[in-house]
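Reviewing the structure listed below.
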Amino acid sequence: MTADVRPSAPASGSAPGAADGTAPAAGAMLSVRDVRKLFGGFAAVDGVSFDVHPGEIVGLIGPNGAGKSTLFQVISLFLPATSGEVVFMGTPLIGRPPYVPARLGLVRTFQITRVFARMTVLENLMFAAPRQPGEHLQNLLLQPRRVREHEAQVARRAEELVEYFNLGRVRDQYAGALSGGQRKLLEMARALMTEPRMMLLDEPMAGVNPALKEELLRYIRDLREKGMTFLVIEHDMDMIMRICDRIVVMANGRIIAEGDPQSVRENRAVIDAYLGGA
Amino acid sequence: MSMLLGYFAGFLTNVVIYTLFVIGLNLQFGYTGLINFGHVAFLAVGAYTVAILVTHHAPILLAVLAGMAVAALFSFLLGYPALRLRDDYLAIVTIGFAEVLRIWLNNVSFTNGPEGIGGFAVPLSWLPVSHDAWRWLFLLLCAAVTAVVFAAVEYLARSPWGRVLKAIREDEDVAVALGKNIVSYKLAALALGAAIAGLAGGLTAFFYQYINPHNFEATITFEAWTIMVLGGVGKNWGAVLGAVIYFGLYTITSEFTSSPIGPFSTDQLAALRIVLIGVVLILLMIYRPQGILGRKEDLGLDR
Amino acid sequence: MLQFIANGVVVGAVVAVTAVGLTLVYSILKLTNFAHGDMVTFGAYVALLLNLSLGLDIWWTLPPAFLAGALLGVLGDRLIWSRMRRRQAGSVSFIVASIGLALALRNLIVFFFGAQTQHFRLPVEMRQPLGPLPVKLTPDEVHVIVAAVVLFAGVHALLRYTTIGRAMRAMADNPSLSWVSGVDVDRVITWTWILGGGLAAVGGVLYGMIRPIDPNMGWFLLLPMFAAIILGGIGNAYGAAVGGVLIGIIQEASVMFLPAEYRLAVGFLAMIAVLLTYPRGLFGERSLT
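Rendered as structure tokens:
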């Protein structure tokens, strides 16, 4: 777990990586402001506000139907909000296309692991690298050398992540041939390729066996040590209690409690919401 | 003998031009997953642009480039609204576009309507050679053009740009979540494929030396799909192999259908041949959707 | 103006009848069936055969045409679609196979009947315009509208009030749920093809009563059909019917401003316009009801 996950500096050397802890010291990294999402007349998310600060691991929990998945989709811009605003590092997100958050350093994962089955592990990773000159036709035509050089950098960075996540033996295999656990790690590595400052994890522990769960927890903790910020939706209470600094609890589209694991565990409203099946 | 040789040149030219045409389709569908069922429209646009411009004494090279550009422009106008919608809408919109375009070409005056356009200048005509020799030289020209496009598309497919197309085909949502603006890539792939079809259209105009709307019916698109799925989707060598097999069968069967057999007229035999295409497509889809060169693990017909 | 609307309603009635089958197959089997137009053509030629060689009155050809279309649909499923489902083919494979089926069907018709244009043998008085009406309509055209309404009432009753109709709706709503919840999937699929194929064939006969018959007639009807179901919201059977009539009216009304050859183009442009403004159709994407 000593591998350096810092992104290899791009040609310009200017873009700061997730790992060097240079995120703005003051203020929230992600700020959710009075977000509302209506389906027909039904308010799935009904005026939610909370902040995530740099370096935090925040858990988002709640009984089924609480609206946390909908909120997750809204924050990642996969669903349009009915009203409200989401600000990431000073940039308002609502109303922008869904590819924008990743470019700003806010990357999401999917509940059911989704790897590119017919691309190799290395290709999966290299695809996700940001600002690749070779993704533009004019550069392929006019600056093939620059494309080649950058591609070599991207490959090196992908190799680092392959090592970090112990995927070395399968690096040239089709991702479709990987085990469930390897896919989970690949998805995590692929998200890191985008050089994020913050990761949105959608139920990372769903369908994961205990050994893999411990492994994922170690990775999340280690990444946080290196400066990463996390917002995690999770059903697995054990996991949430063990790694989160702060927990936001939703029920019926609203936030009913917020605080450190201990206080949330003892919160009357939370206990009622879970027991009452809200 | 020389007639047979000339015939053979014609066969090979057909194979080469269709290979080019299918390379364009393969870029759109094979790599990116765009269901373009109106590919013939871009062939027609290229052919008509070239025929009209050359008739008005434009330089041949310029006319061909213009044909590619106009084809790309049309695909852009079509893709811009359609690409935001679901996959199968693109299929319906493109098929409709091709039909409407053909009706339009048949009914406006600057294309000469159903009479078509002929008698325009062709490349290499300044060479002091016999007609048969010209056919072989033209074949070489087409082959050279196709080889260049083939190499260029292979280069693109292996580039980071091609990697994005592959990823889009596999899982759009993930590509978006990782920060890629997929609509712009789809538009680019559509336009590039259309430009390649437009180039094939220009060569078609020179090959026939006379074109009319009848040359651009929807069947051409389906022939291209047959060639693509026959050879193997997502593989440019598949386009070559598919075109050789398809036109091999086509030529052999046309030997049989060129004169009436027993009670059956040539029209009936020609119809039977298209029935055969249909049956081959169905059987391929049931038993080997990945085509001859495809492997199950690779990018195939379906995600 | 009124006249064009009347013509549009007649054509639209036919489009509606055929489009309902297309949308049923789409929503229940998740198959975008490009061979649907050629199943329409098939129905017209079955009727033509009975009408010309046996001298059967055209109205008596409707039941056998329905049966033949239903048989064709079920046969297609047994020979092609069920095999592909078993091999878990993807949606694109299905589309390409349906194109193959379209080519094969159309050219089999050319093989047996020739490519020339043909007509039903209809009593002459059926082609005379009806008496004192504000618009010119022949008895045939009125019959076509009536037949379409009756057929549609039948479809509605079947989907609403029969067990199989309810099962079809359930499967359109949520196929994975029906696999587990005891719906007899095979039976639903068979009935979908009976209805879809039968309605296509009957639509073909009706179309042959108002337009000339040739092997391409169904193929050219396919675009208006797609336009109708997109207009009405894919998977929405009632939307498809309304969409069909709308497309018919738009196409016929365009003849006021444009050469008649552009009818098809106008229907297509209307579809694009709807896609741009209401991507989910005028009445929303729903399943059957």
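Which chain is which? The protein sequence lines are A, B and C, in order. Numbering-wise (this note's numbering), the first sequence opens with residue 1 and increments by one. Numbering-wise (this note's numbering), the second sequence opens with residue 1001 and increments by one. Numbering-wise (this note's numbering), the third sequence opens with residue 2001 and increments by one. For each residue, glycine too, the CB sits at the ideal point set by N, CA and C. Just so it is clear, the structure is predicted and the values come from calculations on it, not from any experiment.
Run down chain A in chain order and give the residues with a C-beta less than 9 Å from the C-beta of F1166 of chain B.
Looking at the sequence shown, residue 1166 of chain B is not Phe but Lys. Under the 9 Å cutoff, chain A gives F116, R118, M119, E123 and F127.
Would you mind telling me which residues of chain B sit closer than 7 Å to R157 of chain A, beta carbon to beta carbon, in chain order?
Here the premise fails: no neighbours, minimum Cβ distance about 13 Å.
Just verifying my parser: in three-state terms, what is the DSSP assignment at K213 of chain A?
helix
Anticipated Cβ contact below 8 Å, M1285 of chain B with G2100 of chain C, distance rounded
7 Å
Cross-chain neighbours of W1161 of chain B in chain A, by beta carbon under 8 Å:
G134, E135, H136, L137 and L140
Enumerate in chain order the residues of its own chain whose CB-to-CB distance from S1184 of chain B is below 8 Å, with the five nearest sequence positions on each side excluded.
none
For G1294 of chain B versus V1240 of chain B, is the C-beta spacing smaller than 8 Å?
no
Count the other CB atoms within 10 Å of the CB of L1004 of chain B; is the residue buried (16 or more) or exposed (fewer)?
exposed
Under 8 Å Cβ to Cβ from A25 of chain A, same chain only, skipping five residues before and after it: list those, please.
Bear in mind that the predicted position of A25 of chain A carries a pLDDT of just 36, short of 50, making it unreliable; the figure below should be weighed with that in mind. Result list for A25 of chain A: P54, in chain order.
Rounded to a whole number of angstroms, what is the C-alpha to C-alpha distance between T1032 of chain B and S1075 of chain B?
15 Å
Within a Cβ cutoff of 8 Å, which residues of the same chain sit near P1260 of chain B, ignoring the five residues on either side of it in sequence?
T1266 and L1269
Residues that L1140 of chain B contacts on chain C, provided the C-beta gap is smaller than 7 Å:
None at all; the shortest Cβ gap to chain C is about 33 Å.
Taking the straight line between their C-alpha atoms, what separation do you get for Q182 of chain A and E123 of chain A?
15 Å
For D165 of chain A, which residues in chain B fall below 8 Å Cβ to Cβ?
Looking at the sequence provided, one finds Phe at residue 165 of chain A rather than Asp. Within chain B, no residue comes near F165 of chain A; the closest Cβ sits about 17 Å away, beyond 8 Å.
Taking only the alpha-carbon atoms, compute the straight-line gap between L1083 of chain B and L2276 of chain C and give it to the nearest angstrom.
11 Å
Kindly indicate which three-state DSSP category Y2278 of chain C falls into: helix, strand or coil?
coil
Rank B:G1278, B:A1271, B:Y1007 and B:A1243 by C-alpha distance to the C-alpha of H1131 of chain B and give the top, closest one.
B:Y1007
Contacting positions in the region 1085 to 1098 of chain B - beta carbon closer than 8 Å to chain C:
L1085, D1087, D1088, Y1089, A1091, I1092, V1093, I1095, G1096 and F1097
Does DSSP put L1284 of chain B in a helix, in a strand, or in coil?
helix
Opening and closing residue of the beta strand (DSSP E) in which M198 of chain A lies
M198 to D202
What number of angstroms, rounded off, separates the C-alpha of R148 of chain A from the C-alpha of G62 of chain A?
48 Å
Would you list, in sequence order, the uninterrupted alpha helix (DSSP H) runs of no fewer than 4 residues that lie entirely inside the region 2202 to 2247 of chain C?
2217 to 2232
Please say whether F2094 of chain C and V2202 of chain C have beta carbons closer to each other than 8 Å?
no
Using a Cβ-Cβ cut-off of 8 Å, state whether P2212 of chain C counts as contacting chain B.
no
Pull up the DSSP beta-bridge partners for T1253 of chain B, would you.
Beta-bridge pairing links T1253 of chain B to no other residue.
Check whether the Cβ atoms of A2044 of chain C and V2150 of chain C sit closer than 8 Å, and answer yes or no.
no
Kindly indicate which three-state DSSP category A44 of chain A falls into: helix, strand or coil?
strand
Identify the contact partners of L151 of chain A in chain B, using a Cβ-Cβ distance below 9 Å as the criterion.
Position check: residue 151 of chain A holds Glu in this sequence, whereas Leu was assumed. Within 9 Å Cβ-Cβ: S1159 and P1160.
Between which two residues does the beta strand (DSSP E) carrying F1226 of chain B extend?
Reading off the sequence, residue 1226 of chain B comes out as Thr, not Phe. Premise fails: T1226 of chain B lies in the alpha helix (DSSP H), A1218 to G1231, not in any beta strand (DSSP E).
Return no unless some Cβ of chain C is closer than 8 Å to the Cβ of M1285 of chain B.
yes
What would DSSP say about G2021 of chain C, mapped onto helix, strand or coil?
helix
Within chain B, the residues that Y2262 of chain C reaches when beta carbons sit closer than 9 Å
V1100, I1103, W1104 and N1107
Are there 16 or more other CB atoms within 10 angstroms of the CB of T2032 of chain C, so buried, or fewer, so exposed?
buried
Tell me which residues share the same chain as V100 of chain A and place their Cβ nearer than 7 Å to its Cβ, disregarding the 5 neighbours each side in the sequence.
L77 and L93
Chain C contacts made by the region 1248 to 1276 of chain B, where a contact means CB separation under 9 Å
F1264, S1265, D1267, Q1268, L1269, A1270, A1271, L1272, R1273, I1274, V1275 and L1276
Specify the secondary structure class of P92 of chain A as computed by DSSP and reduced to three states.
strand
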